[in-house]
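Novice: Just dropping this structure here.
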Amino acid sequence: MAQTPEMLEPIDLEPGETGGNGRGRPDGPLLEVRNLTVEFPTDDGIVHAVDDVSFTVNPNETLGIVGESGSGKSVTSMAILGLLPKSAKISGEVLFRGENILGQSEKNLQKLRGSSIAMIFQDALAALNPVFKVGKQIAEAILVHQDLNDKEVDDRVIELLEIVGIPNPRDRAEQYPHEYSGGMRQRAMIAMSIANDPDLLIADEPTTALDVTIQAQVLDVLERIQDRTSSSVMLITHDLGVVAGVADRVLVMYAGRQVEMGTVDQIFYEPRHPYAVGLLASLPRLDRRSDKHSRLHRITGQPPSVVFLPPGCAFHPRCPMAEVPGICDHERPDLRLVGDDHWAACHFSERLAEEQAVALGETEARS
Ligand code: SF4
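At the far end of the sequence shown sits residue 374, using the working numbering, and the numbering has no gaps.
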């Protein structure tokens, strides 16, 4: 059913008023993931869900993690939150404010979840309980981590609904989830997620089920919350277009590995991995420099099984630049520096850069 776009309410708070939780943010990265590897034993073999992934999220930064389903992006976020099943074999380190939280007790992780690190899920309808009023559900999220009296909780519920731009928050707090539109439910869930001023918000496909207008509004809410709380955001999506106007840096994942990482400008204007180029080529229209170039790099086929990964570079069966037989189906490319803090895992990143320079020259010569 088509959603009716709602107008967002302006946010009247001053920067810092909702405060973040002030729990001593470090000078260094807020989150540092080092060599994270996650495997699941199955009857068919070992699922290599996440393979040696390392990245950082800095204070007040938005990191977009992009990839198709099965790329390992959601498993990465679940590993950070300690939400993977016991059967998962996890190695590496997840440092949150300098402390390794991987393998911590469930009690410690529960304290962390919802207070310092909060998750925004894709399906707001499933995350909200249909039999309780929205205001009551937000109040419960507050009371899990904060000792406030009834009036303070009520005030905070209204404040949170205002922050996420829900009009008439006092009336809306008394309504049930089914009385909200899809976009409003998503914002109510965001209100629950930020109830305890988390330092890090992990948003897993927060806009996938929403139409384009509501998507834009939800992303706008996320951005405005970040401006006011100085929180960091990890935005997980299959859609590179979603991160365009929101993320500071982007990590592109494929078949459990990171294949490219850089600033949003580097990924959009100087991609150094054919998979990132293919994702860009599939976007409706951005600043694409050459239609011929983008046609050449459109990705066909399906992502590989993470049980039986192709030899060499896992992308080679779909890669328009693959040297096969040759290095691409024999040698797995390492993630290496290809620019200023710009990383790519491709044997032919430099050739790709040359192609792009030629394509850009052709475009400029035509115009
Ligand atoms: Fe394509 Fe080869 Fe680069 Fe892999 S290493 S992305 S197959 S060119």
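Every residue gets a Cβ at the ideal spot worked out from N, C-alpha and C, and that includes glycine.
Note that the structure is a prediction, hence the values are computed from the model and not measured.
Could you please give the first and the last residue of the uninterrupted alpha helix (DSSP H) stretch that includes Tyr183?
Specialist: Here Tyr183 belongs to no alpha helix (DSSP H), and DSSP marks it neither H nor E.
Novice: Helix, strand or coil for Ala210, going by three-state DSSP, please let me know.
Specialist: Strand, per DSSP.
Novice: Count the other CB atoms, across all protein chains shown, that sit within 10 Å of the CB of Gln309; report buried if there are 16 or more and exposed otherwise.
Specialist: Exposed, by the Cβ-count rule.
Novice: So what's His280 in DSSP terms, helix, strand or just coil?
Specialist: Three-state DSSP puts His280 in coil, outside helix and strand.
Novice: For ligand 1, is there any heavy atom lying closer than 7 Å to the beta carbon of His354?
Specialist: Under cutoff, so the answer is yes.
Novice: Taking the straight line between their C-alpha atoms, what separation do you get for Met14 and Ile165?
Specialist: Because the pLDDT at Met14 is just 42, under 50, the model does not fix this residue reliably, and the point stays unresolved.
Novice: Let me confirm a value: Leu293 is counted as buried when at least 16 other C-beta atoms fall within 10 Å, else exposed. Which label applies?
Specialist: Caution applies to Leu293, whose pLDDT of 48 falls short of 50 and renders its modelled position unreliable; the model cannot decide the point.
Novice: If I'm right that Ala195 touches Val141 with Cβ under 8 Å, what's the distance once you round it to whole angstroms?
Specialist: With a Cβ gap of about 5 Å, Ala195 and Val141 count as contacting.
Novice: Among Pro205, Asp204, Glu267 and Ile173, which residue has its Cα nearest to the Cα of Val225?
Specialist: Residue Ile173 is the option with its Cα nearest to Val225.
Novice: Are Val73 and Val250 closer than 8 Å when you measure CB to CB?
Specialist: Closer than 8 Å, so yes.
Novice: Between the Cα of Leu229 and the Cα atoms of Asp246, Gly252, Asp218 and Asp348, which residue gives the shortest distance?
Specialist: Of the listed residues, the one whose Cα sits closest to Leu229 is Gly252.
Novice: On the three-pair Cβ rule with 8 Å, is the stretch 197-210 touching the stretch 180-188?
Specialist: Segments in contact, no.
Novice: State the beta-bridge partners of Gln265 as determined by DSSP.
Specialist: BP columns for Gln265 point to Met260.
Novice: With three or more C-beta pairs closer than 8 Å as the rule, is the stretch 109-118 touching the stretch 237-245?
Specialist: No, because fewer than three Cβ pairs between the stretch 237-245 and the stretch 109-118 fall closer than 8 Å, the two stretches do not touch.
Novice: According to the Cβ coordinates, are Leu168 and Ala131 closer than 8 Å?
Specialist: No, Cβ-Cβ distance for Leu168 and Ala131 is not below 8 Å.
Novice: I'd like to know if the stretch 94-110 and the stretch 136-151 are in contact, where contact means that at least 3 CB-CB pairs between them fall below 8 Å.
Specialist: Verdict: no, contact absent.
Novice: If we ignore side chains and look at the alpha-carbon of each, how far apart do Gln222 and Ser123 end up?
Specialist: The straight-line gap from Cα to Cα measures roughly 25 Å.
Novice: Answer with buried or exposed for Val215, where buried requires no fewer than 16 other C-beta atoms within 10 angstroms of its C-beta.
Specialist: Note that residue 215 is Thr in the sequence shown here, rather than Val. By the neighbour-count rule (16 or more Cβ atoms within 10 Å), Thr215 is not buried but exposed.
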